[in-house]
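Asker: What follows is a single structure, and I will ask about it in a moment.
Numbering (full-length UniProt numbering), first residue to last: 1 to 273.
In structure tokens:
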């Protein structure tokens, strides 16, 4: 069973949970996250766009993460899609079609809000950046606009075919904020630029996954186990095209805290790489 040693505030929360007799945690909030990847001249041949969360964030402070976040009620709005429809996603995820639709919408919305990359357009082309996108991103973050409304007003269709399902992780029960997170991957669209115009991070950039893993191993970068697992998988892929494809099956993974000597470890099942 794979395991990882955790330190700092995460370890403190886990120790308190273990001392309390492993109580049931709060219900997890549905969430989506997206790995934007591209070919690059790195040892593994790929790069991934990542964000380092500001230290004041309530969840995963100072951690390197992929763009993503919780499902919003507005993600339930109807939208015109290109690619697999909600029932097809529902079959892969083993959830109701309405839930699958919200998760896919949330994935595309979050990556647009946090990076400016829009996975939408026509059946044959991805949308080119427009002057009104920054204002639209602000309206989406403020929940003054739904993603479906944004797309419809511009005659754009959600490019669900650009997203590939990768993994499904649930935050451990000792965490006060828990998420039921679906991981997606997408190739960075040509003609668009991923930026750092989000208040939730102090750094946003394309990274060499192998180098970031080495930094994490040396204690120079902080990441949660799901992030480490995805990066290792990306490093092991033969190409971006090989990585950005649906993984089947996608098991549900929820790390469990335990003690190993003086260390707190998170153990996972079904987290094969």
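Glycine included, each C-beta is placed from N, C-alpha and C at the ideal position.
Computed from a prediction, not measured in an experiment: that's the story for all the values here.
Roughly how many angstroms lie between the CA atoms of residue 111 and residue 39, to the nearest whole one?
Answerer: Going from the Cα of residue 111 to the Cα of residue 39 covers about 19 angstroms.
Asker: My assumption, with CB atoms under 8 angstroms, is that residue 160 sits in contact with residue 84. Please give the rounded CB distance.
Answerer: About 6 angstroms; that satisfies the 8 angstroms criterion.
Asker: What residue from 13, 140, 183, 14 has the CA that sits closest to residue 245's CA?
Answerer: Of the listed residues, the one whose Cα sits closest to residue 245 is 183.
Asker: Going straight from the alpha carbon of residue 139 to that of residue 128, what length do you get?
Answerer: Going from the Cα of residue 139 to the Cα of residue 128 covers about 19 angstroms.
Asker: Short of 7 angstroms in beta carbon distance, which residues of its chain neighbour residue 257, apart from the five on each side in sequence? Order them along the chain.
Answerer: So the qualifying residues of the chain are 14, 17, 18, 172, 174, 264, 266.
Asker: From which residue to which residue does the beta strand (DSSP E) around residue 215 run?
Answerer: No beta strand (DSSP E) contains residue 215, which is instead part of the alpha helix (DSSP H) from 209-217.
Asker: What did DSSP end up calling residue 205 once you bin it into helix, strand or coil?
Answerer: Residue 205 falls in the strand class under three-state DSSP.
Asker: Return the chain-ordered ranges of every alpha helix (DSSP H) run that is complete within the segment 83-118 and spans a minimum of 4 residues.
Answerer: Correct list: 86-93, 97-115.
Asker: So what does residue 260 bridge to, in DSSP terms?
Answerer: Residue 260 is bridged to 263.
Asker: Could you give the distance in angstroms between the alpha-carbon of residue 20 and the alpha-carbon of residue 11?
Answerer: Going by the C-alpha atoms only, they are around 14 angstroms apart.
Asker: Tell me which residues share the same chain as residue 194 and place their Cβ nearer than 8 angstroms to its Cβ, disregarding the 5 neighbours each side in the sequence.
Answerer: So the list reads 36, 49, 115, 116, 117, 188, 204, 206, once near-sequence residues are dropped.
Asker: Would the beta-carbon of residue 279 fall within 8 angstroms of that of residue 30?
Answerer: Missing from the structure shown is residue 279; the chain here goes from 1 to 273 and no further.
Asker: Helix, strand or coil for residue 10 per DSSP?
Answerer: Residue 10 falls in the helix class under three-state DSSP.
Asker: Mind the definition here: the segment 162-170 touches the segment 247-257 only if three or more C-beta pairs lie below 8 angstroms; say whether that holds.
Answerer: Yes: the two stretches touch, three or more of their Cβ pairs being nearer than 8 angstroms.
Asker: To test your reading of the DSSP string, which unbroken alpha helix (DSSP H) runs of 4 or more residues are found completely within the segment 111-156?
Answerer: Runs found: 133-141, 147-153.
Asker: Hey, out of 254, 130, 268, 143, whose CA is closest to residue 24's CA?
Answerer: The shortest C-alpha separation from residue 24 is found at 254.
Asker: Between residue 130 and residue 98, is the Cβ-Cβ spacing less than 8 angstroms?
Answerer: Not a contact, by the Cβ cut-off of 8 angstroms.
Asker: The alpha helix (DSSP H) that contains residue 233, what's its start and end?
Answerer: It spans 225-236 - the alpha helix (DSSP H) in which residue 233 sits, taken as one unbroken run.
Asker: Let me know if residue 242 comes out buried or exposed under the rule of 16 or more other beta-carbons within 10 Å of its beta-carbon.
Answerer: Exposed is the call here.
Asker: According to the neighbour-count rule (16 or more other Cβ atoms, all chains shown, within 10 Å of its Cβ), is residue 259 buried or exposed?
Answerer: Result: exposed.
Asker: Have a look at the DSSP bridge pairing and note the partners of residue 184.
Answerer: In DSSP, residue 184 forms a bridge with 34, 165.
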